[in-house]
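S.K.:
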Amino acid sequence: MGQQILWLFPVIIMLYVEFSSGQKAKCDKRPTVTGSCKDYKVRWFYSSSLKECIMFHWGGCDRTENLFENGEECEAYCMGLGEVKSAV
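Residues -22 to -1, 1 to 66 in mature numbering (1 follows the signal peptide of the UniProt record, and there is no 0) are what the sequence shown lists, from first letter to last.
Put into structure tokens, the structure is as follows:
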């Protein structure tokens, strides 16, 4: 039993690190602001250099995973302040 627990602990740590780094990688991708689409919706993205969520006008094309309907969802997902309700 003790050896099984010792074997399971590193697996749990590796899964946590993999999930955390994957989530961070999604928040590092900047959305496309320019393009031929003319929808101009207000959206939010996480700026890894400023370490905060920024509002911008999105044209509706070239969606990335770092694109949220509001600042609260952006902060919850990229800054770890809770669960994200729904991404765009």
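Cβ atoms here follow ideal geometry from the backbone N, Cα and C, with glycine treated the same way.
Do you know how far the Cα of phenylalanine 34 is from the Cα of glycine 58?
M.R.: Numbered from its first residue, the sequence shown carries residue 58 at position 80. Numbered from its first residue, the sequence shown carries residue 34 at position 56. When rounded, the distance between both Cα atoms is 21 Å.
S.K.: In this structure, how does DSSP classify tyrosine 24 when only helix, strand and coil are distinguished?
M.R.: In the sequence shown, residue 24 corresponds to position 46, counting from 1. Of the three classes helix, strand and coil, the one that applies to tyrosine 24 here is strand, per DSSP.
S.K.: Taking the straight line between their C-alpha atoms, what separation do you get for tryptophan 36 and asparagine 48?
M.R.: If you number the sequence shown from 1, residue 36 lands on position 58. If you number the sequence shown from 1, residue 48 lands on position 70. Cα-Cα distance, rounded: 12 Å.
S.K.: Have a look at glutamate 53 and lysine 29 and give me their C-alpha separation to the nearest angstrom.
M.R.: For this step, residue 53 is matched to residue 75 along the sequence shown. For this step, residue 29 is matched to residue 51 along the sequence shown. Straight-line Cα distance between these residues: approximately 10 Å.
S.K.: What is the residue span of the alpha helix (DSSP H) that glutamate 51 lies within?
M.R.: For this step, residue 51 is matched to residue 73 along the sequence shown. Start and end: 49 to 56.
S.K.: Contact check, isoleucine 32 vs phenylalanine 23 under 8 Å by CB: the rounded distance?
M.R.: Position 54 of the sequence shown, counted from the start, is the residue given in the question as residue 32. Position 45 of the sequence shown, counted from the start, is the residue given in the question as residue 23. 6 Å between Cβ atoms; contact.
S.K.: Under three-state DSSP, which class holds cysteine 15?
M.R.: The sequence position of residue 15 within the sequence shown is 37, counting from 1. Correct three-state label for cysteine 15: coil.
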